[in-house]
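Visitor:
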Amino acid sequence: MVHQLKREQQINCDIETAWKFFSAANNLSKITPKDMNFIVRTKMESDEIYEGMIIDYYVSPLFGIKMDWQTEITQVNHHRSFTDFQKKGPYKLWNHFHEFIPNEKGVLIKDTVDYELPLGFLGEIAHKLLVKNKVEHIFSYRFNILEKMFNQKQN
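Residue numbers (this note's numbering): 623 to 777.
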């Protein structure tokens, strides 16, 4: 069964700043919970994102078990959206659409993640018991970090 997580957050910056931060794979570890041991393995020559870009990571999604994760950037609409798609990793399906909408307050960022677990009904049991809460925790953590980075007034 395919599950979907949708989140949105208003951040206080211009579109150029938002795009530069979110489209740089190396920044992902800054907004991922530390207990996930998220490491970007691919050495980037630049932070410029492009369709067909392959990015390799290590991640420990559950119980500290280290796994390989590989995503491909399957769609880029510069300063508007991009999609990363899991090629290898813990999910049967992981498709993450990132959208950036400039407005008078800065930029509204929207995330839509479609994901499915392997192992059929056993995957569904794992989803109910563990994975759904873990995915929600990751995005809640991300929300809190981004609030601190972009929306707290600097003294």
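Glycine included, C-beta positions come from ideal geometry on N, C-alpha and C.
Expressed to the nearest angstrom, what Euclidean distance is found between the alpha-carbon atoms of N777 and A640?
Guide: The residue given as residue 777 occupies position 155 in the sequence shown. The residue given as residue 640 occupies position 18 in the sequence shown. Here the model assigns N777 a pLDDT of 48, short of 50, so the residue's position is not dependable, and the following value carries that caveat. N777 and A640: Cα-Cα distance of roughly 21 Å.
Visitor: Report the residue from K714, Y737, W716, D733 whose alpha carbon sits nearest the alpha carbon of I723.
Guide: Walking along the sequence shown from the start, residue 723 turns up at place 101. The shortest Cα separation from I723 among K714, Y737, W716, D733 belongs to D733.
Visitor: Given 8 Å as the limit, is there contact between the segment 637–651 and the segment 737–749, that is, 3 or more CB pairs closer than that?
Guide: Short answer: they don't touch.
Visitor: For M689, does the three-state DSSP call read helix, strand or coil?
Guide: The sequence position of residue 689 within the sequence shown is 67, counting from 1. Of the three classes helix, strand and coil, the one that applies to M689 here is strand, per DSSP.
Visitor: Using 10 angstroms around the beta-carbon of M623, count the other beta-carbons present and answer buried if the total reaches 16, otherwise exposed.
Guide: Taking the sequence shown and counting its residues from 1, one reaches residue 623 at position 1. M623 is exposed by the Cβ-count criterion.
Visitor: Measure the CB-CB distance between I695 and M675 and report whether it falls below 7 Å.
Guide: Indexing the sequence shown from 1 puts residue 695 at position 73. Indexing the sequence shown from 1 puts residue 675 at position 53. Yes, they are a contact pair.
Visitor: Which same chain residues end up closer than 8 Å to M658 when comparing Cβ atoms and leaving out the 5 residues on each side of it in sequence?
Guide: Numbered from its first residue, the sequence shown carries residue 658 at position 36. Cβ neighbours of M658 beyond the five flanking positions: V681, S682, P683, I760.
Visitor: Within 10 angstroms of the Cβ of N717, are there 16 or more other Cβ atoms? Answer buried if so, exposed if not.
Guide: The sequence position of residue 717 within the sequence shown is 95, counting from 1. N717 should be labelled buried.
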